[in-house]
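Let me begin by presenting the structure, written as structure tokens, before commenting on it.
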Amino acid sequence: MTPFTEKVVEIIKQIPPGKVMTYGQIAGLAGSPRAARQVVRILHSMSRKHKLPWHRVINAKGQIALQEEDPFEEQRLNLEMEGVEVGIHGKINLEEYRWDLEE
DNA sequence: CCATTGACTCGGA
DNA sequence: GTCCGAGCCAATG
1 MTPFTEKVVE IIKQIPPGKV MTYGQIAGLA GSPRAARQVV RILHSMSRKH
51 KLPWHRVINA KGQIALQEED PFEEQRLNLE MEGVEVGIHG KINLEEYRWD
101 LEE
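Numbering (the working numbering), first residue to last: 1 to 103.
Encoded structure:
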């Protein structure tokens, strides 16, 4: 486990229910604003073995990044269950639900 | 070391 | 608004 990865995981684990964060935002807090893609990779790796609220992580457009075919629906339901309103295209109001505070 | 991989992001057409 | 190309970064084989 590298420091960067650990940081990312910690951040994700700390996202409160009903809130979401963008990949870029997480990468920034972890120390590398441009490493959004790395965050994605970590999510894949970690979500397999660890329980992470990966469904609270979305892209900068404020939408669920998954394709309709993937576990898109699952993530969508998880979010709505936590109080996050998800639009027809997985659209989420970042102004409303983006989590800015750390820890 | 080099090449590949990712649920990304940004800017321009 | 949408689509596309280029940039970006760290982990992996």
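All C-beta atoms, glycine included, are put in the ideal place defined by N, C-alpha and C.
Here the structure is a predicted model, which is why all the values come from computation and not from measurement.
Would you mind sorting residue i into buried or exposed? The rule is 16 or more other CB atoms within 10 Å of its CB.
i   : result
A30 : buried
R37 : exposed
A35 : buried
Does DSSP classify residue i as helix, strand or coil?
i   : result
I88 : coil
I12 : helix
With C-beta atoms as the reference, is residue i less than 7 Å away from residue j?
i   : j   : result
P17 : E82 : yes
Q63 : G24 : no
S45 : W54 : no
I42 : T5  : yes
V86 : L94 : no
Below 8 Å on the Cβ atoms is my contact criterion, and I expect residue i with residue j to pass it. Report the Cβ-Cβ distance as a whole number of Å.
i   : j   : result
Y97 : V20 : 5 Å
L52 : I92 : Contact doesn't hold; Cβ gap of about 18 Å is too wide.
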